[in-house]
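Novice: As they're listed, the protein sequences go chains D and V. My numbering applies: residue 1 is where the first sequence begins, and numbers increase by one. My numbering applies: residue 1 is where the second sequence begins, and numbers increase by one. Before I ask anything, here is the structure I am working with.
Protein chains: 2
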Amino acid sequence: MELWFTEKQTPYLGLSCAVKGVLYSCRTAFQELAILETSQFGRMLVLDGMVQTTIFDEYIYHEMIAHVPLVTHPRPRQVLVIGGGDGGTVREVVKHQRVEKVTLVEIDREVVEASRRFLPELSSALDSPKVELICTDGLQYVKNKHAVYDVIIVDSTEPVGAAVGLFKKEFYADVYTALRDDGILVAQTESPFYNQQLLKSAYHNINSLFPRVHLYLANIPTYPSGLWSFTIGSKKYDPLNPLPPEERLTVNRYYTLGVHRASFSLPPFISRLLEA
Amino acid sequence: MELWFTEKQTPYLGLSCAVKGVLYSCRTAFQELAILETSQFGRMLVLDGMVQTTIFDEYIYHEMIAHVPLVTHPRPRQVLVIGGGDGGTVREVVKHQRVEKVTLVEIDREVVEASRRFLPELSSALDSPKVELICTDGLQYVKNKHAVYDVIIVDSTEPVGAAVGLFKKEFYADVYTALRDDGILVAQTESPFYNQQLLKSAYHNINSLFPRVHLYLANIPTYPSGLWSFTIGSKKYDPLNPLPPEERLTVNRYYTLGVHRASFSLPPFISRLLEA
């Protein structure tokens, strides 16, 4: 039997992967979760039918969401990650020796458990002494925190279900308050080709709160269109003039200082979208 | 009835597009040709089951394959385009006022005819007085040409059928000879994720002939992985230090001087591949 998994990336577009086996699937309190063994991408985490991460290309997303803000901030000691229960972002964050503590707030404990069991490459750093794992709603967690964090990373799913609020202005305002006065927010903000309204709205929401806002890009073949955007809001530091990264980061597969700078060079079809 | 077209991008991966209609299809002397009207991408040219170009994102490929070499070369007067019978590359080339003549060598006249009928956005410049269209095999055409062209653009299909030879060293050697002593070659060299051996081989072949060789990247959602590579071989000019482009190029949707420079910033997973 040939088994294929298809993600309907849009109503008119599907990405189909040959599947060697379904390693695990369940209905959690929040979503449908599956771990697939695919022929092209190795193990794959699927939530509500949407590809979240694969062994093949997870490093690109995780390096870019973590290192861009952490290299921009000269002293990132306290870091909050909202979402990202697979552990991939945390794995990259703890590579920064100046980071003293990472708080990972994931709404769905079963994502963490599945990742521990089936995606050890991603979840390996969850047991680091620097990491505190809290399974609760990030929207609630970030409320009434004042000047606690240097960097907040919003590693959300697509804006459906529990993640809808993670793209709204009220949430970004709470994040702003939870950051120190030189803090940095970064959020994944979907495909510049297929999610233009969402991207524009998230960008304008962050822009209305933070003195500096920039979009940057990364190539992620398993995400719709293969091009992904991240939006960074910074109270003080300029992400276009990052510090040289710590030695350790030279082992990356995607991130370099050159790639960091290049990722902010937007094609006009994207920069015009943000101006409009 | 719901009609879907699926390109098997690899044996284990398919991209599927909802199709409103098949506008045209035929078996030419060289390949199977179809023009589809898709819901996501508008009209699409398909050759041998592989997406060649779509109205949605064709500008990215065509701007990047044309402007990077033409902005690098200070006096690009004579340009040869091999392949690219849809006319999209030629459309971008003739935007450069310094270009006096473009020779388009396409092996399959039916690609040109189908593009004239169904893809006027791409084929519009084929009637420019600067353009000479020759329907013949590019491999043969380029043989025994000596120091004729300033820029040669290899706008090939995937390396199957007639296009296999367009990735080989013998062909690149003929291209080298056909270029003037400050000439530039650029070739599309497939996905850095899924076609690594081909990319590496094309790069090394070009590197063994030209004093300067560089890879650059563009985001093309309808091509496998969404990330595409181009390899540039230059006898003299440095593509990393391009001239400011002519005024006219400011109307682009993807290419800018900033995007040009950023497109040469390679993630380590690609640069290590080229070193190996």
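Beta carbons are placed, not taken as given, at the ideal position from N, Cα and C, and that holds for glycine. Small disclaimer: the values here were computed from a predicted structure and weren't measured.
(1) What's the C-alpha gap between V/Val93 and V/Val213?
(2) Output, in chain order, the set of chain V residues within a Cβ distance shorter than 7 Å of D/Phe193.
(3) Consult DSSP for D/Val160 and reduce its assignment to one of helix, strand or coil.
(4) Go ahead and pull the three-state DSSP assignment for V/Tyr35.
(5) Along the chain, where does the beta strand (DSSP E) that runs through D/Asn207 open and close?
(6) Tell me, please, whether the stretch 156 to 170 of chain V touches the stretch 197 to 212 of chain V by the rule of three or more beta-carbon pairs shorter than 8 Å.
(7) Can you give the beta carbon distance from V/Phe118 to V/Leu215, rounded, assuming they're within the 8 Å contact cut?
(8) How many Å lie between D/Ala202 and D/Val51 at the Cα?
(9) For D/Glu100, which residues from the same chain have a beta carbon less than 8 Å from its beta carbon, with the 5 sequence-adjacent residues on both sides left out?
(10) Determine whether the Cβ of V/Cys26 lies closer than 7 Å to any Cβ atom of chain D.
(11) Just the Cα atoms here: how many angstroms apart are D/Gly87 and D/Met44?
(12) Exposed or buried, V/Gly21, counting other C-beta atoms within 10 Å across all chains shown (16 or more means buried)?
(13) To the nearest angstrom, how far is it from the Cα of V/Ala163 to the Cα of V/Phe30?
(14) Do D/Val151 and D/Pro69 count as a contact pair if the criterion is CB distance below 7 Å?
(15) For a cutoff of 7 Å on Cβ pairs, would you count V/Gln78 as touching chain D?
(16) Would you kindly report the start and end of the unbroken alpha helix (DSSP H) that includes D/Gln140?
(17) The alpha helix (DSSP H) that contains V/Lys169, what's its start and end?
(18) Identify whether D/Tyr59 lies in helix, strand or coil by the three-state DSSP scheme.
(19) Which bits of chain V does D/Val259 rub up against, with CB to CB less than 7 Å?
(20) Rounded to whole angstroms, what's the CA-CA distance from D/Val111 to V/Ala173? Just pull it up for me.
(21) Taking C-beta pairs closer than 8 Å, name the residues in chain V that D/Thr256 reaches, listed in chain order.
(22) Does D/Asn241 pass the burial test, meaning 16 or more other C-beta atoms within 10 Å, or should it be called exposed?
(23) Determine, using beta carbons only, whether V/Ser16 comes closer than 7 Å to chain D.
Specialist: Let me lay it out:
(1) 21 Å
(2) Pro221
(3) coil
(4) The amino acid at residue 35 of chain V is misidentified as Tyr; the sequence shows Ile. Three-state DSSP puts V/Ile35 in a strand.
(5) Under the DSSP assignment, D/Asn207 falls outside any beta strand (DSSP E), being part of the alpha helix (DSSP H) whose first and last residues are 196 to 207.
(6) yes
(7) 33 Å between Cβ atoms; not a contact.
(8) 21 Å
(9) Arg77, Gln78, Lys130
(10) no
(11) 14 Å
(12) exposed
(13) 10 Å
(14) Yes, the Cβ-Cβ distance between D/Pro69 and D/Val151 is below 7 Å.
(15) no
(16) 138 to 141
(17) 169 to 178
(18) helix
(19) Ser265, Pro267
(20) 54 Å
(21) Ser265, Pro267, Pro268
(22) exposed
(23) With respect to chain D, the C-beta atom of V/Ser16 has a partner C-beta closer than 7 Å.
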